[in-house]
Amino acid sequence: GTQTVEEFREIIERDEKFIRESYSESTDWIKSQEFVEMILQDSVFILGFFIQIGTQKFNRNEDILFEEPCLITTIFEDLILLENQLPYALLEELFEPFLFSLKTEETFRDLTLRVFGFENKIERDVKFQHFTD
């Protein structure tokens with residue numbers, strides 16, 4: 001809801017410097033407010049997409065993304081582009097509020113590995129910075 005979005009915005013504002021530093025190219029040309037909004041929209045989209053792909057909690061029949069399989073492929077391709085990398089730690093932190101509503105003890109790491117098809121293929125102690133790791 002609105003409260004979650006505002007909480008996300010506060011986290012992104014708090015971590016803006018760290019997020020900007022995670023990009024290989026300079027983001028100095030993007031005003032702070034615009035940058036925070038862009039990261040917020042990207043984060044919400046990615047989290048929603050992962051929850052829909054990786055869980056059985058939502059009705060996919062009512063989502064246009066699932067009507068066109070090529071859209072799913074395009075999104076996956078976009079997620080692994082180097083220039084589109086949100087810090088994994090940010091997405092992991094933003095996922096926390098969903099744990100209760102999803103009624104799961106699953107971590108964002110578990111969900112990410114399932115979405116990319118790497119469940120049980122990567123050691124637990126391997127840390128990620130981005131999806132490309």
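Numbering follows full-length UniProt numbering, with no gaps: position 88 of the sequence shown is 88.
In this text, a Cβ means the ideal position worked out from N, Cα and C, and glycines have one as well.
Whole-angstrom C-beta distance between residue j and residue i, which should lie under 8 Å
i    : j    : result
F98  : I51  : 7 Å
F108 : F118 : Actually they do not touch by this definition, with Cβ atoms about 14 Å apart.
P87  : Q33  : Between Q33 and P87 the Cβ distance is about 19 Å, and since that is not below 8 Å, they are no contact.
Within 7 Å, strictly: CB atoms of residue i and residue j
i   : j    : result
L40 : I12  : yes
L65 : L71  : yes
I75 : V115 : no
Secondary structure of residue i, DSSP reduced to three states
i    : result
P69  : helix
S101 : helix
I51  : helix
T107 : coil
Whole-angstrom distance between residue j and residue i, CA atom to CA atom
i    : j    : result
K17  : T112 : 24 Å
F35  : S22  : 13 Å
D110 : D42  : 20 Å
Extent of the continuous alpha helix (DSSP H) to which residue i belongs
i    : result
F116 : Per DSSP, F116 belongs to no alpha helix (DSSP H) and is neither H nor E.
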